[in-house]
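> Here it is: the structure, laid out below.
2 protein chains.
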Amino acid sequence: MEIREVFARNLKAARLAKGLSQEELAFRADIDRTYISSLERSVYNASIDVVDRLAAILEMEASDLLKRPPEKK
Amino acid sequence: MEIREVFARNLKAARLAKGLSQEELAFRADIDRTYISSLERSVYNASIDVVDRLAAILEMEASDLLKRPPEKK
DNA sequence: ATGTGACTCCTAGTCCGTA
DNA sequence: GTACGGACTAGGAGTCACA
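Residue numbers (UniProt numbering), protein chains in the order written: chain A, 1 to 73; chain B, 1 to 73.
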């Protein structure tokens, strides 16, 4: 599983857990709405500063957004 | 503290802990040698797939390379 | 409120060299 | 073995229109 998929899932999950829309998250992180959409669809390999900015809004560590789900074998 | 500095420190520490040179790490991760050097000097915001590839060689999670050091106030 | 294509712009990332 | 520079290419950053 590619890391950007891991990030995409974690981002979406964290966003929903906060009850935020893509629009609101985008607004608060000062990132374009459609770019958030792209990230959640695993279109890009985000750079670590974008990860960090989003993590800040979601009140978590950048490292948390990259955590892989427990092994599925 | 910028996330790329956090990454730079963690990367260097992990690399030295493994007893690898920048050259060897670069070779194994299939990344340019001079780019590793740049990353350890906080020149760039690496993309998450680079972080992930390096983490794989260093036998750790990508998220571990982005962990901020405990608060210093 | 979100997905997508078609853009432009800029930096991540490569490859050469030298010290 | 590492830092650093210059010149280059690939792909991420960011916007817009439309469904």
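The beta-carbon is built from N, C-alpha and C at its ideal position, and this holds for glycine as well. Since the structure is predicted, the reported quantities are computational estimates derived from the model, not experimental observations.
Can you round the beta-carbon distance between L65/A and I3/A to whole angstroms, since I take them to be within the 8 Å contact cut?
Taking the first residue of the first sequence as 1, we reach residue 65/A at position 65. Taking the first residue of the first sequence as 1, we reach residue 3/A at position 3. Not really, about 10 Å apart at Cβ, beyond 8 Å.
> Taking contact to mean at least 3 C-beta pairs separated by less than 8 Å, is the stretch 20-30 of chain A in contact with the stretch 21-30 of chain B?
No: fewer than three Cβ pairs fall under 8 Å.
> If contact means a Cβ-Cβ distance below 7 Å, which residues of the stretch 30-50 of chain A contact chain B?
Those residues of the stretch 30-50 of chain A that come within reach of chain B (Cβ to Cβ, closer than 7 Å) are N45, A46, S47, I48, D49.
> Under 8 Å Cβ to Cβ from D52/B, same chain only, skipping five residues before and after it: list those, please.
For this step, residue 52/B is matched to residue 52 along the second sequence. For D52/B, where only same-chain residues beyond five positions count, the Cβ hits under 8 Å are A62.
> For chain A, is any of its Cβ atoms less than 8 Å away from the one on L66/B?
Along the second sequence, one-based indexing puts residue 66/B at 66. Yes, L66/B lies at the interface with chain A (some Cβ there is under 8 Å from its Cβ).
> Check whether chain A comes within 8 Å of S63/B, counting only Cβ atoms and requiring the distance to be less than that.
By one-based count along the second sequence, residue 63/B stands at place 63. With 8 Å as the cut-off, S63/B counts as an interface residue toward chain A.
> At least one CB of chain B closer than 8 Å to the CB of I57/A: is that the case?
As a first step, residue 57/A is located in the first sequence; it is residue number 57 there, counting from the start. For I57/A, the answer is no, since every Cβ of chain B falls outside 8 Å of its Cβ.
> If R33/B and E40/B are in contact, beta carbons under 8 Å, what's the gap, nearest whole angstrom?
Counting from 1 along the second sequence, the entry for residue 33/B is found at position 33. Counting from 1 along the second sequence, the entry for residue 40/B is found at position 40. Between E40/B and R33/B the Cβ distance is about 11 Å, and since that is not below 8 Å, they are no contact.
> Taking buried to mean at least 16 other C-beta atoms within 10 Å of its own C-beta, is A55/B buried or exposed?
Your numbering for residue 55/B matches position 55 in the second sequence. Burial call: buried.
> Going along the chain, which residues of the stretch 4-16 of chain B sit with their C-beta nearer than 7 Å to a C-beta in chain A?
Answer in chain order: R4, F7.
> With a threshold of 16 other CB atoms inside 10 Å of the CB of L16/A, please say whether the residue is buried or exposed.
The residue labelled residue 16/A in the question sits at position 16 within the first sequence. Answer is exposed; the Cβ neighbour count stays below 16.
> With distance defined between alpha-carbon atoms, name the residue in V50/A, L58/A, A46/A, V6/A nearest to S21/A.
Here the question's residue 21/A lines up with position 21 in the first sequence. Looking at the Cα atoms, L58/A is the closest of the given residues.
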